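In my numbering, the protein residues as written are 4 to 109.
Okay, here's the thing in structure tokens:
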């Protein structure tokens, strides 16, 4: 028992340093994988978001403010389909934007 206590007393700073380093690395990975942004979410998260965040997300993903409301309506419609809750918001916005562009060019 005395050997363990002597070891802990001698290496206390080292043990604390390693524990802090492991904690920082764990927090880094948790924040990387637990994103709250709507751009990386699915349509289930889309349906519970506010209109302002939906429009902001569309503007970020399409890199323009053109047709934002129409794209939001399109993605809203897509989110009502069966089994669409796991569909990515990024993909839905791209699909709606592409459809609008095709319609405008024809």
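Think of the CB as a built atom: it goes at the ideal place given N, C-alpha and C, for glycine as much as any other residue.
Please read these numbers as outputs of a predicted model, since none were measured by experiment.
- With respect to the 8 Å criterion, residue 81 and residue 46 are classified as neighbours on the basis of their beta carbons.
- With respect to the 8 Å criterion, residue 103 and residue 64 are not classified as neighbours on the basis of their beta carbons.
- In the DSSP assignment, residue 6 falls within the unbroken alpha helix (DSSP H) covering 5-13.
- Note: residue 91 is bridge-paired with 45 in the DSSP secondary-structure output.
- When C-alpha distances from residue 75 are compared across 108, 35, 88, 97, the shortest belongs to 97.
- Comparing alpha carbon positions, the residue from 85, 56, 20, 87 closest to residue 71 is 56.
- The C-beta separation of residue 95 from residue 78 comes to about 5 Å, placing the pair in contact by the 8 Å criterion.
- Annotated three-state conformation of residue 104 is helix, per DSSP.
- In the three-state reduction of the DSSP assignment, residue 69 falls in the coil class, being assigned neither a helical nor a strand state.
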